Amino acid sequence: MEREALFIKKMEETADNAYQRGIVSFSDFLDLYEQHLLQRIDWQSRGVSLRLFGGYDAAERRMAAFCPQDLRYSWEYPFSCLRIRMSAPRYSRPLTHRDYLGAALGLGIERRVIGDILTGEGEAFLFCETGMAEFLKTELTSVGRAAVAVSVCENPRDIPPPKEEEITGTVASVRLDAVIALAFRASRNSLTALTEAGKVFVNGRMITSNSLILNPGDLISVRGMGKFRFDQILSGTKKGRHLIRVYRYV
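Heads up, the sequence shown is in numbering that gives the first Met the number 0, so the first residue is 0 and it goes up one at a time.
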């Protein structure tokens, strides 16, 4: 609880700075639980609005922006996207998210300055605070045993969308536990403890009730399992069940 209190105090000070100076103030990259804590607070009463973004719509690690209500200038989040390319992908084993993250943290930087990492064939896209971009461009020369070259991705269109697996199936209702069970091909009973343990988040908010009814477009993250997007109810069945579609990020 002390850690939570210190985090909230720091964010309140950041919000007050935004209001008093009439500027947008930012956090570092936040994990899902930190985002959940922020979304429980009435920031309007402090004269600011809260916005969360991580570089793309389905980002899990996001940066908070505190915006004064009467703000009259345009602004951008202070993070960059780096493109990390393997120099000889044909002669190296495929690299994973863990490989890229480990290589970056191995340079001595803190996790809080790094956002999501999207991996592709022979390359990855890493979001980081802008102040760390030049350091990573210079110092990140290898990932695992593979030599890499790092550059700033200037064109957002070059960033690949997250890989998705389309999953369809029937559920009795679009309750949270039923849809999670379908997305991860697990039994509802085996997932109950995850929700009660605070490991399930819907649109960045921690959910502790399995009976929550999902809406189309909701983004669900389950710590230790992954995340998916609830797309829609496709049709009903003769037995009163729902045929639904979700997209699981892989």
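For each residue, glycine too, the CB sits at the ideal point set by N, CA and C.
Given the structure is predicted, the values throughout are model-derived calculations rather than measurements.
Throw me the rounded Cβ distance for the residue i and residue j pair, which I believe falls under 8 Å.
i: Leu181; j: Asn209; result: Not a contact, Cβ separation roughly 14 Å.
i: Leu51; j: Phe65; result: 11 Å between Cβ atoms; not a contact.
i: Gln61; j: Phe28; result: For clarity, residue 61 is Arg in the given sequence; the question names Gln instead. Contact flag correct, Cβ pair sits at about 7 Å.
i: Arg110; j: Leu104; result: 7 Å
i: Pro161; j: Leu218; result: The pair is not a contact, with the Cβ atoms about 11 Å apart (cut-off 8 Å).
Counting along the chain, where does the alpha helix (DSSP H) carrying residue i start and finish?
i: Phe134; result: 129 to 138
i: Asp176; result: 175 to 182
i: Ala103; result: 96 to 104
i: Ser189; result: 187 to 195
i: Leu31; result: 31 to 38
Mind checking residue i: buried by the 16 CB within 10 Å criterion, or exposed?
i: Glu33; result: buried
i: Ile212; result: exposed
i: Tyr99; result: buried
i: Ser186; result: exposed
i: Leu5; result: exposed
i: Leu31; result: buried
i: Leu106; result: exposed
i: Ser79; result: buried
i: Ala14; result: buried
i: Val199; result: buried
i: Ser26; result: buried
i: Leu135; result: buried
i: Val173; result: buried
i: Val249; result: exposed
i: Leu233; result: exposed
i: Ala171; result: exposed
i: Ala177; result: buried
i: Ser24; result: buried
Spell out the partners DSSP gives residue i in its beta bridges.
i: Leu49; result: Phe65
i: Leu117; result: Phe124
i: Ile243; result: Gly168, Ile232
i: Tyr72; result: Answer by DSSP bridge pairing: none, since Tyr72 is not bridged.
i: Phe6; result: Answer by DSSP bridge pairing: none, since Phe6 is not bridged.
i: Glu163; result: Tyr248
i: Ser141; result: Ala146
i: Gly225; result: Val221
To the nearest angstrom, report how far apart residue i and residue j are at their CA atoms.
i: Arg45; j: Lys8; result: 13 Å
i: Leu114; j: Arg247; result: One detail in the question is off: residue 114 reads as Gly in this sequence, not Leu. Distance between the alpha carbons of Gly114 and Arg247: 20 Å.
i: Gln231; j: Ile243; result: 6 Å
i: Leu193; j: Phe229; result: 19 Å
i: Glu75; j: Gly225; result: 29 Å
i: Val142; j: Pro159; result: 20 Å
i: Phe124; j: Arg92; result: 18 Å
i: Leu81; j: Cys152; result: 5 Å
i: Leu36; j: Ala63; result: 12 Å
i: Gly258; j: Gly101; result: Outside the shown range of the chain, which is 0 to 249, sits residue 258, and nothing can be said about it.
i: Gly119; j: Pro155; result: 15 Å
i: Pro67; j: Tyr55; result: 23 Å
i: Leu94; j: Gly121; result: 8 Å
i: Arg184; j: Asn202; result: 21 Å
i: Ala196; j: Asn188; result: 14 Å
i: Met131; j: Val112; result: 8 Å
i: Gly223; j: Lys238; result: 34 Å
i: Thr129; j: Pro77; result: 6 Å
i: Ile166; j: Ser73; result: 40 Å
Which stretch, first to last residue, makes up the beta strand (DSSP E) that contains residue i?
i: Arg84; result: 78 to 85
i: Ser150; result: 145 to 151
i: Leu218; result: 218 to 221
i: Val23; result: Here Val23 belongs to no beta strand (DSSP E), and DSSP marks it neither H nor E.
i: Val201; result: 199 to 201
Is there at least one non-hydrogen atom of the ligand ADP closer than 7 Å to the beta-carbon of residue i?
i: Glu75; result: With respect to the ligand ADP, the structure offers nothing, as it holds no ligand at all.
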